[in-house]
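Asks: Sharing a structure below in structure tokens format, with a few things to ask.
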Amino acid sequence: MAPRPTLRARNRRAVRPVRKFRVLLARPKPGWFRIGVMVVGVGLLAVVVTLGFFWVRYGRIIDARFGSEQRTAPRIFGRPFELEAGRGLTPGQLVQRLNDIGYAERQKVTQPGEFSVAGLSVMLMTRPEAPSKPHTYRVDFSKSGAPSSRASRPDSSSVVSKILADGGAAVKSITLEAPMLAALAPGEKRRLVPLASIPRHVVDAILTIEDRRFYEHPGIDPVRMFGALVTNLRGDRPYLEGASTITQQIIKNFFLTPDKSYTRKVQEQFMAVVLESRFNKDQILELYLNDVVLGQRGPFEIHGVAEAARIFFGKDIRNVTLAESATMAGLIQSPSVLSPFRNPDRARERRNVVLKEMADVEVITREEAVRTSKEPLRVATRALENEAPYFVDFVSKQVSENFSGLLKRDRAVDVYTTLDLHLQRFAQEAVDEGIAQVDKVLAKRKKGQAQVALVAVDPTTGEILALVGGRAYNQSQFNRAVAAQRQPGSAFKPFVYLAAFEQTAAGTTHLTPATIVADEPTTFVFGEKPYDPANYQGEYDGPITLRRALALSRNVVAIKVAETAGYENVAGLWRRVGVGTPAQPYPSIALGVFEVSPLELTQAYTIFTNGGSIRPLQAITRIVDNGNETAVPPPPLRPVTRPDVTYLVTNMMRSVINEGTAASVRSSFSNDAAGKTGTTNDLRDAWFMGFTPTLLTAVWVGFDDNQPIGLSGSQAALPIWTGFMRRALAGRPNKSFAAPPGVMFVDIDRSSGKIANFNCPSVMREAFLPGSEPTEICDIHGNGLFSRLGGFFRRIIRQ
Numbered sequence: 065m066a067p068r069p070t071l072r073a074r075n076r077r078a079v080r081p082v083r084k085f086r087v088l089l090a091r092p093k094p095g096w097f098r099i100g101v102m103v104v105g106v107g108l109l110a111v112v113v114t115l116g117f118f119w120v121r122y123g124r125i126i127d128a129r130f131g132s133e134q135r136t137a138p139r140i141f142g143r144p145f146e147l148e149a150g151r152g153l154t155p156g157q158l159v160q161r162l163n164d165i166g167y168a169e170r171q172k173v174t175q176p177g178e179f180s181v182a183g184l185s186v187m188l189m190t191r192p193e194a195p196s197k198p199h200t201y202r203v204d205f206s207k208s209g210a211p212s213s214r215a216s217r218p219d220s221s222s223v224v225s226k227i228l229a230d231g232g233a234a235v236k237s238i239t240l241e242a243p244m245l246a247a248l249a250p251g252e253k254r255r256l257v258p259l260a261s262i263p264r265h266v267v268d269a270i271l272t273i274e275d276r277r278f279y280e281h282p283g284i285d286p287v288r289m290f291g292a293l294v295t296n297l298r299g300d301r302p303y304l305e306g307a308s309t310i311t312q313q314i315i316k317n318f319f320l321t322p323d324k325s326y327t328r329k330v331q332e333q334f335m336a337v338v339l340e341s342r343f344n345k346d347q348i349l350e351l352y353l354n355d356v357v358l359g360q361r362g363p364f365e366i367h368g369v370a371e372a373a374r375i376f377f378g379k380d381i382r383n384v385t386l387a388e389s390a391t392m393a394g395l396i397q398s399p400s401v402l403s404p405f406r407n408p409d410r411a412r413e414r415r416n417v418v419l420k421e422m423a424d425v426e427v428i429t430r431e432e433a434v435r436t437s438k439e440p441l442r443v444a445t446r447a448l449e450n451e452a453p454y455f456v457d458f459v460s461k462q463v464s465e466n467f468s469g470l471l472k473r474d475r476a477v478d479v480y481t482t483l484d485l486h487l488q489r490f491a492q493e494a495v496d497e498g499i500a501q502v503d504k505v506l507a508k509r510k511k512g513q514a515q516v517a518l519v520a521v522d523p524t525t526g527e528i529l530a531l532v533g534g535r536a537y538n539q540s541q542f543n544r545a546v547a548a549q550r551q552p553g554s555a556f557k558p559f560v561y562l563a564a565f566e567q568t569a570a571g572t573t574h575l576t577p578a579t580i581v582a583d584e585p586t587t588f589v590f591g592e593k594p595y596d597p598a599n600y601q602g603e604y605d606g607p608i609t610l611r612r613a614l615a616l617s618r619n620v621v622a623i624k625v626a627e628t629a630g631y632e633n634v635a636g637l638w639r640r641v642g643v644g645t646p647a648q649p650y651p652s653i654a655l656g657v658f659e660v661s662p663l664e665l666t667q668a669y670t671i672f673t674n675g676g677s678i679r680p681l682q683a684i685t686r687i688v689d690n691g692n693e694t695a696v697p698p699p700p701l702r703p704v705t706r707p708d709v710t711y712l713v714t715n716m717m718r719s720v721i722n723e724g725t726a727a728s729v730r731s732s733f734s735n736d737a738a739g740k741t742g743t744t745n746d747l748r749d750a751w752f753m754g755f756t757p758t759l760l761t762a763v764w765v766g767f768d769d770n771q772p773i774g775l776s777g778s779q780a781a782l783p784i785w786t787g788f789m790r791r792a793l794a795g796r797p798n799k800s801f802a803a804p805p806g807v808m809f810v811d812i813d814r815s816s817g818k819i820a821n822f823n824c825p826s827v828m829r830e831a832f833l834p835g836s837e838p839t840e841i842c843d844i845h846g847n848g849l850f851s852r853l854g855g856f857f858r859r860i861i862r863q
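In structure tokens:
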């Protein structure tokens, strides 16, 4: 047997062919071979240089777009929510408020920003700013239906019976964080949230249907690419259909045009690999979940799962269900075609496809998929309106005008406003219900759909608490509350009486709330031109007190009062009020034949709760620009007339609600309130202006094209006002209007306006300026000595 060759011998034999090959290489080669090697080498070098160039170039583009920490658009916030013991509130409404500020619903509360619901109690842990510590509170309700993430109807009786702190001690109130109303981005609605705040089933649903191998591939998925290539070859398509990873979708949405070609596809794939080299998977996924387009509502494109959860389901993203997560994931394929608002059946079918796919990859069980697929598709149809879009537009314009360029800076800007999102929801509910009833009446008359505006303010501070600028923002973005110029009609009459009582205070007239005026057809002559006004529906009362005439909105009496006060004095008062178009000193001025917006008329009415001074309205309280806070102080009160004179009119307007054109309010609203209906010529505009000492609300209903609506203020606007005020003041103390110094009261007979005697069947305490009070005893209901003595003693007792 021959010996095995040694390691060295084997190596020598192995080298021989190499030497021979080297000899061959050393021989002279033809010129074409050397040229070919050089061309290949240069080509490879060019490819490497080109790839390196584009790698650096695309890397810089991506870093410039995503590398900055300031990716948040300017944000607008409402006022903090005050939760008070005794306040009218349902558990469902509190759950909605907690969703507004991003609290997560859990079985048990363990972290700040969490809440749980158990029966008639809601447990929550606050998230105060440092260095304050979080506190846990239990909120108990006196009576309500089953709590749910949707607010219970406001008609259901429920109040916050008590609020208990950590140690069991009762507290009067707690203040929750300010809710974000919107992030300002032209044509978009988005709300950025960290990946950690997005539930696992949302992430699983989207990864399952969009990119199952997201955490495995380098930005492109060769497996899916091959499948798409086969599909396209069979379909004879000029581009690769599908196969886009989540990373590629980000590149396509942020950097590339929507056209489909091989060149664009290669560019997309290359940039996706570059993006993956710049950011980790979680960062890329967070970016995608905050930017993916999930549909359109009105003028806004909905970006990101957090905003979609608000718009589609009225929830914070932390609280969406498995079914809702699958619905959002399914929309990505075709947001318009699969919209749950326009095509609920197709959206439900697509949702169930997602659930089946999730079960196939075992992120949920087959049983969960089957059970969830049987759930109905539920969406929050008014979620866009509930975020106060008309108010957000108004604030955006104010910031742009008063803080030039602030919203265009590449920096974090937070605008804090006066809007009470809780009252805003009540306003929207009242508008929806009221305008639906108006639609029914107009449909019978074969007329179109009317528009509406509502403005609610704190009359003592001027803070705008709620604002609705139309029946549906997704249909029309024209803000009627701010921009619509309409005639106030009879809603202007309180200012006519105010001007008249100014003249009484000056000694030039002797008009009082108890003055008797003849309510009858009258021809007024001004500038040699006759003017023949008529009362609404041709009703006349004959002799009537000014209080009663205002309560019943009698046109002829209002013009007679304006004539006695002086038309120029009435116009001058309106100029001092300082809103709307100038009012001309003609007889028709008493009927409000000039123009004013609902917001302006609301500001004008603050004169009646501020002792004759106008309280300018305010929407913005402070601005935080890159951490630097700027307070926006409220505008100062602007004196217009005397407090005592103003109180007379305010007191008279209480009769509008108690016994006049708005008396229907009293069937469901017991708070002391004052107000005035407004109806213009030919029934074109319907108004109601009403207020308590703490809340002033204006409602307008009409057509945009100024066609007659055919309804009075008490028919169209008053029900909306009542629905809102009843909700807004539920559980609140019933405050009365306080008389200022310089006002005296006398018991008078309602019909004669004279001092009441013992026989007068209807007696009231009327307010007067000292020296203008009646001196005669009522002679309509008895004129004997006993009756006269009764009237005398009534006067002595009251004084």
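Numbering (our numbering), first residue to last: 65 to 863. Note that beta-carbon positions come from the ideal geometry of N, C-alpha and C, so glycine has one too.
In this structure, what does DSSP give as the bridge partners for E451?
Replies: Looking at the DSSP assignment, E451 forms no beta bridge with any residue, so it has no partner.
Asks: Whole beta strand (DSSP E) runs in the segment 306-393 with 3 or more residues, listed along the chain?
Replies: Within the segment 306-393, the complete beta strand (DSSP E) runs of at least 3 residues are 357-361, 364-367.
Asks: Measuring only the C-alpha atoms, how far is E603 from I623?
Replies: C-alpha separation (whole angstroms): 16 Å.
Asks: Assuming Y631 is part of the alpha helix (DSSP H), what are its boundary residues?
Replies: Unbroken alpha helix (DSSP H) run through Y631: 631-641.
Asks: Any idea what DSSP makes of A831, helix, strand or coil?
Replies: Three-state DSSP puts A831 in a strand.
Asks: Taking all protein chains shown into account, decide if V532 is buried (16 or more other Cβ within 10 angstroms of its Cβ) or exposed.
Replies: Looking at its Cβ environment, which holds 16 or more other Cβ atoms inside 10 Å, V532 is buried.
Asks: Could you check if N163 is buried or exposed, using at least 16 other CB atoms within 10 Å of its CB as the buried criterion?
Replies: By the neighbour-count rule (16 or more Cβ atoms within 10 Å), N163 is buried.
Asks: Is S719 helix, strand or coil when you go by DSSP?
Replies: In this structure, S719 counts as helix in the three-state DSSP scheme.
Asks: In terms of alpha-carbon separation, which member of L184, F733, A242, V106 lies closest to Y167?
Replies: When only C-alpha atoms are compared, the closest one is A242.
Asks: Skipping 5 residues on each side, what residues in its chain have a beta carbon closer than 6 Å to that of G283?
Replies: Contacts found: T311, A336, V337, E340.
Asks: CB-CB under 6 Å to D275, same chain, minus the five flanking residues each way: which ones, in chain order?
Replies: Closer than 6 Å at Cβ, skipping near neighbours: T309, I310.
Asks: Taking L614 as the reference, give the member of L419, G251, G676, K740 with the closest Cα.
Replies: For L614, the nearest C-alpha among the options comes from K740.
Asks: Sorted by chain position, which residues of the same chain lie with C-beta nearer than 7 Å to D708's C-beta, five sequence neighbours on each side aside?
Replies: If we look at D708 and ignore the five residues flanking it on each side, its Cβ neighbours are P804, G806, V807, L833.
Asks: Smallest Cα separation from P440: which of P404, L395, L759?
Replies: For P440, the nearest C-alpha among the options comes from P404.
Asks: Report the partner residues of M187 according to the DSSP bridge assignment.
Replies: For M187, which the question treats as bridged, DSSP gives the partners S180, R202.
Asks: In three-state terms, what does DSSP make of S836?
Replies: Three-state DSSP puts S836 in coil, outside helix and strand.
Asks: Using the Cα positions of I784 and V763, report the straight-line distance between them to the nearest angstrom.
Replies: Between I784 and V763, the C-alpha separation is close to 7 Å.
Asks: Under a Cβ-count criterion, where at least 16 other Cβ atoms within 10 Å of its own Cβ denotes burial, should M422 be classed as buried or exposed?
Replies: Answer is buried; the Cβ neighbour count reaches 16.
Asks: Report buried or exposed for D323, applying the criterion of at least 16 other Cβ atoms within 10 angstroms of its Cβ.
Replies: Per the 10 Å Cβ criterion, exposed.
Asks: Kindly list the residues whose CB is nearer than 7 Å to the CB of G498, restricted to its own chain and excluding five residues on each side of it in sequence; keep chain order.
Replies: Only P783, I784, G787 meet the Cβ criterion.
Asks: For the putative contact between L485 and G142, defined by C-beta atoms under 8 Å, what is the C-beta separation to the nearest angstrom?
Replies: About 4 Å separates the two Cβ atoms, so the contact holds.
Asks: Give the straight-line distance between the Cα atoms of V463 and A249, rounded to the nearest whole angstrom.
Replies: Answer to the nearest angstrom: the Cα atoms are 14 Å apart.
Asks: Where does P607 fall in DSSP's three states?
Replies: P607 falls in the strand class under three-state DSSP.
Asks: Indicate whether A831 and F809 have their beta-carbon atoms separated by less than 8 Å.
Replies: Contact flag set, yes.
Asks: Ignoring anything shorter than 4 residues, give me the alpha helix (DSSP H) runs that lie fully in the segment 490-566, in order along the chain.
Replies: Whole alpha helix (DSSP H) segments, 4+ residues: 544-547.
Asks: Compare the beta carbon distance of A654 and K557 with 8 Å and say whether it is the shorter of the two.
Replies: Contact flag set, yes.
Asks: Exposed or buried, what is N344 when buried is set at 16 or more other beta-carbons lying within 10 Å of its beta-carbon?
Replies: Exposed, because fewer than 16 other Cβ atoms sit within 10 Å of the Cβ of N344.
Asks: Run through the segment 648-723 for me and flag every whole beta strand (DSSP E) of 3 or more residues, listed as ranges in chain order.
Replies: Whole beta strand (DSSP E) segments, 3+ residues: 684-689, 692-695.
Asks: Name the DSSP beta bridge partners of F590, please?
Replies: Looking at the DSSP assignment, F590 forms a beta bridge with K593.
Asks: Roughly how many angstroms separate the alpha carbons of A452 and M753, rounded to a whole number?
Replies: Distance between the alpha carbons of A452 and M753: 21 Å.
Asks: Between H367 and K510, what straight-line distance do the alpha-carbon atoms span, to the nearest angstrom?
Replies: Each residue's Cα considered, the two are about 40 Å apart.
Asks: Pull the bridge partners of I140 from the DSSP assignment, please.
Replies: In the DSSP output, where bridge partners are listed per residue, I140 has A246, V479.
Asks: With D268 as the anchor, note down where its alpha helix (DSSP H) starts and where it stops.
Replies: Residues 264-274.
Asks: Does the ligand ATP have a heavy atom nearer than 7 Å to the CB of S341?
Replies: Absent from the structure shown: the ligand ATP. Ligands present: none.
Asks: Expressed to the nearest angstrom, what Euclidean distance is found between the alpha-carbon atoms of V427 and I348?
Replies: Whole-angstrom Cα-Cα distance: 21 Å.
Asks: Who are the Cβ neighbours of L701 in its own chain at under 8 Å, not counting the five residues just before and after it?
Replies: Result list for L701: N674, S677, I678, R679, in chain order.
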